[in-house]
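Under my numbering, the final residue of the sequence shown carries the number 175; numbering is consecutive throughout. In this text, a Cβ means the ideal position worked out from N, Cα and C, and glycines have one as well. A quick write-up on the structure given underneath.
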Amino acid sequence: MKTLYIVRHAKSSWEYEGIEDIDRPLKKRGIKDAHLMSKVLSELISRPDVFISSSANRALHTAIIFCENFEYPLSNLKIRRQLYSFSDGYLVKTVKALDDGFSSAIIFSHDHGINTFVNKFGNKPLTHVPTCGVVGIQFEEKYWKNIKKGKTILTEFPKNHK
């Protein structure tokens with residue numbers, strides 16, 4: 014059995030002119046939400062075997078906060094530039110390429126790719142995963158490369174914990 018947790022990066026800031034989209038930082042609200050959701054999640058689930066983040070500043074900062082609250086070594090955080098994508102293609106490729114020694118993983122990524130992924134691979138239709146939202150999907154598979162439709166086992170959004 015394989016379990017995947019997907020986290021949409023926390024709320025980012027648009028207040029800085031002239032910076033590239035990939036470099037946008039988190040807003041104060043985003044930082045607070047990332048701490049809130051990582052603490053909530055750390056009480057609900059066992060620490061995932063591997064943490065993987067998009068290289069975008071906002072996703073990476075979200076992942077770092079989760080690492081801290083799960084006591085996951087930052088030196089083990091995997092950063093994937095290809096996850097800075099707004100389709101589910103690279104997200105699917107990243108998941109299917111996971112080491113089969115990992116029974117669970119948590120991935121930090123972006124809006125459109127996440128929404129498409131959780132609806133394609135989970136069994137609970139979701140219209141929108143909000144910033145810092147977490148969706149967990151369990152797969153009855155031995156190998157990550159074989160995942161197909163799984164069971165949505167968790168949907169946790171910041172608004173439900175404020």
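Subject >> Cutoff 6 Å; reference ALA69; Cβ partners in own chain excluding five residues on either side >> reply: Working through the sequence shown from its first residue, we reach residue 69 at position 56. For ALA69, where only same-chain residues beyond five positions count, the Cβ hits under 6 Å are ILE35, TYR97.
Subject >> Beta-carbon separation (whole angstroms), PRO143 vs ARG42, contact threshold 8 Å >> reply: Here residue 143 refers to the residue found at position 130 when the sequence shown is read from its first residue. Here residue 42 refers to the residue found at position 29 when the sequence shown is read from its first residue. Contact flag wrong, Cβ pair sits at about 12 Å.
Original post:
Does the distance from the CB of PHE83 to the CB of SER51 come in under 9 Å?
Top reply: Your numbering for residue 83 matches position 70 in the sequence shown. Your numbering for residue 51 matches position 38 in the sequence shown. The answer is yes: Cβ separation under 9 Å.
Subject >> Buried or exposed (CB count within 10 angstroms, at least 16 for buried), LEU17 >> reply: To locate residue 17, count along the sequence shown from 1; it is residue 4. Label assigned to LEU17: buried.
Subject >> Where the beta strand (DSSP E) through LYS109 begins and ends >> reply: As a first step, residue 109 must be located in the sequence shown, where it is residue number 96. Unbroken run through LYS109 is the alpha helix (DSSP H), 102–109; no beta strand (DSSP E).
**OP:** For HIS48, collect the residues of the same chain with a Cβ closer than 8 Å to its Cβ; drop the 5 residues on either side in sequence, then sort them by chain order.
**Re:** Working through the sequence shown from its first residue, we reach residue 48 at position 35. The answer, listed in chain order, is ILE78, ASN82.
Original post:
Among ASN128, VAL105, CYS145, LYS137, which has the Cα closest to the Cα of ASN159?
Top reply: Within the sequence shown, numbered from 1, the residue matching residue 159 stands at position 146. Measuring from the Cα of ASN159, the nearest candidate turns out to be VAL105.
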